[in-house]
Amino acid sequence: MEEEDAFPAVKGEDNIYKHFLIQGIIVPKILTFDEASKCLSNLGKDESGVRYAYLMLSANDMKLTDISKITCFKHVLFVDVSGNFLELEALQILCELPYLILLKAERNKITSAALNPCPYLQVLVLNKNQITETNNISQPYLETLDLSHNNIYEVHLDSDKLKELKQLELKGNQLTELAGDFPVSVEKLYVAENRIQKIIVSDLSKLVNLKILHIRENKLHKLDGFSDNLRNLTYLNVRRNKIKQLRQFRKLACLPNLDTLIIIDNPVMSTKATDKVRGEEEEVSDEEEVEAEEQDKKDYIRISILVMLPNLKRINKVPVSLEERDEAFFIAEEKMEEIMKEESSDEESIIISTTDMTTDYTTETETEGVAQREE
1 MEEEDAFPAV KGEDNIYKHF LIQGIIVPKI LTFDEASKCL SNLGKDESGV RYAYLMLSAN
61 DMKLTDISKI TCFKHVLFVD VSGNFLELEA LQILCELPYL ILLKAERNKI TSAALNPCPY
121 LQVLVLNKNQ ITETNNISQP YLETLDLSHN NIYEVHLDSD KLKELKQLEL KGNQLTELAG
181 DFPVSVEKLY VAENRIQKII VSDLSKLVNL KILHIRENKL HKLDGFSDNL RNLTYLNVRR
241 NKIKQLRQFR KLACLPNLDT LIIIDNPVMS TKATDKVRGE EEEVSDEEEV EAEEQDKKDY
301 IRISILVMLP NLKRINKVPV SLEERDEAFF IAEEKMEEIM KEESSDEESI IISTTDMTTD
361 YTTETETEGV AQREE
């Protein structure tokens, strides 16, 4: 009687890969020249401005571990190798492409963004990898660096090695403070979906060119950490944090050019306006009453914020109206006194709960483009 195999028979290339993936084994797979040729697209003029060549190569979701054949296509400007099994060493080969402008390598096995310097690289996207630190990233002309949905706890980037960096995306990592070393050239900073409870003023104040700060879905209770050094900051998104007090927004008065503030989904949005007693003749349905209360609540909060930040042009998704601005002006003194009488429990030391520190890291498929996204 024949002895049974330890593993069932696995036939076909796809089944082999599935079998080894179940076993936790990555099967080496080399991109061939023919396969790479079929991944080319976007015919256009090459660097000479006279000849034509394919400028883009997309080799997505092919289970690749070796992409060295891509270097045979020296005119390629844009490379997308997302959804493979590439490690940093395998990705380094692309630095030999003389005119590479954009490199996208989402969903791989990359543990560091420290690629060898590329002379023309402007966009580097390494979302959903296994990156834990940001040291030794050196790209002379890099303008956009996207390290979202990794496992980064601290930020250490060298201004001298990233002199042209304008947009930095660190969404969905493990940051507990908005702190660290950021290139002073950064104009747009996206740190949503982290665990940020504190903003370190000595670090943030160095970002004198910052225009957009997107800090949605974190654990901020207080708005300390801002300073008048952030003179170019025009857009601030603190949606879905833990802010309970209206007077916290007074701390943003130091930002001379702030014109857009996103605050929805914070506890402060449940702040009630002064209760009004309805006469019997004003009876309305429960549904209408709830709707009226919600509107009163929104109006109360908007006016209160305008009293503290009169230069705002937009609060949440709604532009500030002339009527709101006038009302805030005429009741400013009275309203400010009311705001400052709020209970100060929020000013006490924040105790970090074990729930806040447990890991519930998740990823999303959505991509973000402009500052107003995800409002």
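Counting from 1, position 4 in the sequence shown corresponds to residue 4 in full-length UniProt numbering; the numbering is continuous, with no gaps.
In this text, a Cβ means the ideal position worked out from N, Cα and C, and glycines have one as well.
According to DSSP, residue pairing for Ser58 in a beta bridge involves Asp80. Note on Thr32: under 16 other CB atoms within 10 angstroms of its CB, so exposed under the neighbour-count rule.
DSSP places Val201 inside the alpha helix (DSSP H), whose first and last residues are Val201 to Leu204. In the three-state reduction of the DSSP assignment, Ser41 falls in the strand class. Under the three-state reduction of DSSP output, Lys69 falls in the helix class.
Shortest Cα-Cα distance from Phe85 to any of Glu375, Pro98, Met62 and Tyr99 involves Met62. A Cβ-Cβ separation of about 7 Å places Thr65 in contact with Ile26 under the 8 Å criterion. Within the DSSP bridge table, the entry for Arg314 names Thr260 and Pro319 as partners. Relative to Asn241, the option among Leu255, Leu168 and Met269 whose CA is nearest is Met269. Pairing Asn218 with Ile196 gives a Cβ-Cβ distance under 7 Å.
Under the three-state reduction of DSSP output, Ala36 falls in the helix class. Per DSSP, Glu334 is not a residue of any beta strand (DSSP E); the alpha helix (DSSP H) it occupies stretches across Ala332 to Met340.
The DSSP-derived three-state label of Glu177 is strand.
In this chain, the alpha helix (DSSP H) harbouring Glu89 covers Leu88 to Gln92. By the Cβ neighbour-count rule, Lys38 is exposed, with fewer than 16 other Cβ atoms within 10 Å of its own.
Less than 7 Å divides the Cβ of Leu210 from the Cβ of Leu233.
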